[in-house]
């Protein structure tokens, strides 16, 4: 005699998420997404002034705890969302890549500020032109640096994105697989295209590669 | 019943050197922030005359700008000059505050390597410069002053990293800001394009090839080995378990 009743084969429900989105699946999606969206534990990756605004967002006045983010997870293993706040120099590129790879699924990335999103004004030899050339990014928050309201708006956008996730989408949790020789996860031509100079910087000289 | 020993009590024989502060131009005056300092000209640091008397032709032109004295030194004599400035009781430039270099856009004007010295005892500042002509024949190499001031270690590494100037006699001349396998050249040189020489994808590929856990060993960052080199009073304080800032 046990507490767990043996399942009756006759009453078992067959479930194929790829072809079937029944009532139960939809509700489970909602429940899981609701739980995930409202308990995002951030992994702060603060490298510059954006991190100051991030700290302000987490402090009492703006209070990220309202979004279930009161626990800053300084360990990638126990975090859900990587918030890259600030410019990333090339020397830090393998570090942020390693942190992202150490995070468990499900995981998301917020690129906070102009520098993390595009290199910003640091169109130089030392700074990565957008962290989306290293790791996939879910939400870009513009600003230099963004005000806490801006970051909170980005977080709410991420919550909305999480609420729209469906279990039937099997590609959702595919782990990033970088090319083993070059360690790039997108084609080099696309990285060069993403890193094209813009604004005044197009007038500056550049020698041939 | 003996009183508990207080490690923070000031020791009686701290052995601090006693000296009189000699402010240049105003002997005996208390230190004041200089005002109305001219852009060019003004009183020259008396160390320059002392250097000329001691080393003669090895000392080049000298000038004063914003109250700071700059003197050009012959490269071959640099180490000797530095050792004398540091150790001689009439100079005592104990503190090397910066080592850097300057390259001008001019194709003829030489690259200058710069040392900023400060004498705490005499409240003096002196800037030494060595010129390295950009004629393609002169090696960008100067003697390392690490043997005179240990603090030159990382300053010279930074100067090597950014300008490619070799410091002869440096114990460990590696890049310090860029990663050690950086292949694009020396970023602060005028012929270095601002975005680097390689394409962005190639730069990223090379950066990602680095092992993020192979940066500095704990031994390299440890100051335990330097304990014996510390001054006696500092060794006594640290050895007694006293913490600073309390």
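Residue numbers (this note's numbering), protein chains in the order written: chain A, 1 to 209; chain B, 210 to 455. Here a beta-carbon is modelled for each residue, glycine too, at the ideal position from N, C-alpha and C. What you are looking at is a predicted structure, and each value in this text was computed from that prediction instead of being measured.
For residue i, count neighbouring C-beta atoms within 10 Å of its own C-beta (all shown protein chains included) and say buried if the count is 16 or more, exposed if not.
i: residue 275(B); result: exposed
i: residue 324(B); result: buried
i: residue 287(B); result: buried
i: residue 438(B); result: exposed
i: residue 107(A); result: buried
i: residue 225(B); result: For residue 225(B), the predicted model reports a pLDDT of 48, less than 50, meaning its position is unreliable; a value from the coordinates is still stated below. Flag for residue 225(B) reads exposed.
i: residue 171(A); result: exposed
i: residue 242(B); result: exposed
i: residue 234(B); result: Legend: pLDDT at residue 234(B) = 48, less than 50; position of this residue unreliable, value from coordinates given subsequently. By the neighbour-count rule (16 or more Cβ atoms within 10 Å), residue 234(B) is not buried but exposed.
i: residue 230(B); result: Only weak support exists for where residue 230(B) lies, its pLDDT of 45 falling under 50; the value from the coordinates is given anyway. Residue 230(B) should be labelled exposed.
i: residue 31(A); result: exposed
i: residue 254(B); result: buried
i: residue 452(B); result: Residue confidence for residue 452(B) is low, a pLDDT of 46 falling below 50, so the modelled location carries little weight; the figure read from the coordinates is stated next. Exposed, by the Cβ-count rule.
i: residue 350(B); result: exposed
i: residue 33(A); result: buried
i: residue 57(A); result: buried
i: residue 216(B); result: With a pLDDT of only 44 at residue 216(B), under the threshold of 50, the placement of this residue in the model should not be trusted; the figure read from the coordinates follows. The residue is exposed, with fewer than 16 neighbouring Cβ atoms inside 10 Å.
i: residue 435(B); result: exposed
i: residue 80(A); result: buried
i: residue 65(A); result: exposed
i: residue 223(B); result: Interpretation of residue 223(B) is limited by its pLDDT of 49, a score under 50 that renders its predicted location unreliable; no figure is taken from the coordinates.
i: residue 412(B); result: buried
i: residue 390(B); result: exposed
i: residue 365(B); result: buried
i: residue 74(A); result: exposed
What are the residues that DSSP puts in a beta bridge with residue i?
i: residue 379(B); result: Note: residue 379(B) sits in no beta bridge, so no partner.
i: residue 310(B); result: 322(B)
i: residue 350(B); result: 375(B)
i: residue 30(A); result: None; residue 30(A) has no bridge partner.
i: residue 279(B); result: 272(B) and 336(B)
i: residue 42(A); result: 81(A)
i: residue 139(A); result: 110(A)
i: residue 249(B); result: 274(B)
i: residue 128(A); result: None; residue 128(A) has no bridge partner.
i: residue 328(B); result: 333(B)
i: residue 439(B); result: Beta-bridge pairing links residue 439(B) to no other residue.
i: residue 89(A); result: 127(A)
i: residue 413(B); result: Beta-bridge pairing links residue 413(B) to no other residue.
i: residue 341(B); result: 320(B)
i: residue 304(B); result: 327(B)
Our contact map puts residue i next to residue j with C-beta atoms below 8 Å; I'd like the distance itself, whole angstroms only.
i: residue 131(A); j: residue 96(A); result: 6 Å
i: residue 93(A); j: residue 50(A); result: With 8 Å as the limit, residue 93(A) and residue 50(A) do not qualify as a contact, their Cβ atoms being about 17 Å apart.
i: residue 157(A); j: residue 139(A); result: 5 Å
i: residue 268(B); j: residue 338(B); result: At roughly 11 Å, the Cβ-Cβ gap does not stay under 8 Å, so residue 268(B) and residue 338(B) are not in contact.
i: residue 18(A); j: residue 168(A); result: 6 Å
i: residue 100(A); j: residue 135(A); result: 4 Å
i: residue 256(B); j: residue 335(B); result: 5 Å
i: residue 76(A); j: residue 102(A); result: 4 Å
i: residue 273(B); j: residue 260(B); result: The pair is not a contact, with the Cβ atoms about 15 Å apart (cut-off 8 Å).
i: residue 113(A); j: residue 89(A); result: 15 Å between Cβ atoms; not a contact.
Taking the alpha carbon of residue i as the point to measure from, which residue in the options has its own alpha carbon closest?
i: residue 348(B); options: 269(B), 245(B) and 285(B); result: 285(B)
i: residue 322(B); options: 346(B), 329(B), 296(B) and 353(B); result: 353(B)
i: residue 387(B); options: 380(B), 361(B), 415(B) and 246(B); result: 415(B)
i: residue 367(B); options: 309(B), 290(B) and 243(B); result: 309(B)
i: residue 201(B); options: 245(B), 289(B), 327(B) and 244(B); result: No answer is possible for residue 201(B): it lies beyond the span of chain B, which begins at 210 and ends at 455.
i: residue 313(B); options: 390(B), 257(B), 413(B) and 341(B); result: 341(B)
i: residue 133(A); options: 160(A), 176(A), 163(A) and 155(A); result: 176(A)
i: residue 78(A); options: 98(A), 55(A), 46(A) and 41(A); result: 41(A)
i: residue 163(A); options: 28(A), 149(A) and 10(A); result: 28(A)
i: residue 356(B); options: 369(B), 378(B), 441(B) and 343(B); result: 378(B)
i: residue 182(A); options: 273(B), 384(B), 418(B) and 365(B); result: 418(B)
i: residue 125(A); options: 247(B), 262(B), 401(B) and 251(B); result: 401(B)
i: residue 395(B); options: 374(B), 421(B), 413(B) and 380(B); result: 374(B)
i: residue 307(B); options: 245(B), 444(B) and 362(B); result: 362(B)
i: residue 63(A); options: 82(A), 148(A), 39(A) and 46(A); result: 148(A)
i: residue 266(B); options: 245(B), 290(B) and 250(B); result: 290(B)
i: residue 299(B); options: 317(B), 441(B), 316(B) and 333(B); result: 333(B)
Residue i and residue j: beta carbons closer than 7 Å?
i: residue 404(B); j: residue 393(B); result: no
i: residue 397(B); j: residue 376(B); result: no
i: residue 127(A); j: residue 190(A); result: no
i: residue 118(A); j: residue 84(A); result: no
i: residue 44(A); j: residue 69(A); result: no
i: residue 410(B); j: residue 192(A); result: yes
i: residue 154(A); j: residue 143(A); result: no
i: residue 294(B); j: residue 358(B); result: no
i: residue 330(B); j: residue 301(B); result: yes
i: residue 159(A); j: residue 10(A); result: no
i: residue 346(B); j: residue 319(B); result: no
i: residue 98(A); j: residue 421(B); result: yes
Should residue i be counted as a contact of the ligand SAM given a C-beta to heavy atom distance under 6 Å?
i: residue 420(B); result: This structure does not include the ligand SAM; it has no bound ligands of any sort.
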